[in-house]
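Residue numbers (my numbering), protein chains in the order written: chain E, 1 to 111; chain X, 1001 to 1114. Note that the Cβ used here is the ideal one computed from N, Cα and C, for glycine as well.
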């Protein structure tokens, strides 16, 4: 059974500041890693799907890196805005397409 | 991509009663997944709903408590039976894009059992 850990569990960030958080996972049987943003009262929404060691993905002010050898991924948000407030979930996926979800990092942007 | 319509979006139920949650997908999919997220915990897979066969339940979840229907390739229901306050949770249905394994979700059902 994969054990996915996300840290910190929650995070308060001042508007305009940059921040980052971590997803750790066992590196065996790795196929891909997903990052999702889950806003209150909405469905989780895919941010990135990452597959290769050393991958870096970027979407606007949000970027992510992946290290499959050591089993971690970082998500970075530059210049946080109130609309970035959400829970960020990571989920490594195994070759059988089974997603294993982390508990998420709840990000709150303070105006 | 896939668009999933899930209802109800929220409900408050008395203990001992049952609630059925529905999900409708805008395309045909082989497998649909049912999750729950209890407060402060990760998304936990309850079962995989297969069309034409019984659902596959994860450890700790049983059919008598969470019966699932999958009458066709675009629709599924999950029933939470004989509810107790411990069943208070967000319930989500999901499908996977086979190519990238990207997950698409319904809007979620926020269940409170009193």
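Between the segment 74-81 of chain E and the segment 1023-1038 of chain X, the count of Cβ pairs shorter than 8 Å is below three; the stretches do not touch.
Under DSSP, residue 38/E forms a beta bridge with 87/E. Assignment of residue 1011/X by DSSP, reduced to helix, strand and coil, places it in the strand class. Counting the other Cβ atoms within 10 Å of the Cβ of residue 1087/X gives 16 or more, which makes it buried. Spanning the alpha carbons of residue 1044/X and residue 12/E requires a straight line of approximately 26 Å.
Residue 100/E has its alpha-carbon roughly 6 Å from the corresponding atom of residue 92/E. In the same chain as residue 1051/X, and ignoring 5 residues on each side of it, the C-beta atoms closer than 6 Å to its own belong to 1070 and 1073, in chain order.
Residue 7/E is a Cβ neighbour of residue 105/E, given a cutoff of 9 Å.
In this structure residue 84/E is buried. Its beta-carbon is surrounded by 16 or more other beta-carbon atoms within 10 angstroms. Taking 9 Å as the threshold, the shortest C-beta distance from residue 88/E to chain X does not fall below it. Not flagged as an interface residue toward chain X: residue 52/E, since no C-beta distance is shorter than 9 Å. For residue 82/E, the secondary structure class from DSSP, reduced to helix, strand or coil, is helix. In chain order, 1083 place their CB closer than 7 Å to the CB of residue 1017/X, counting only its own chain and leaving out the 5 sequence neighbours on each side. Taking every protein chain shown into account, the CB of residue 37/E has 16 or more other CB atoms within 10 angstroms, so this residue is buried. Against chain X, the beta carbon of residue 13/E has no neighbour under 7 Å; the closest one sits roughly 20 Å away.
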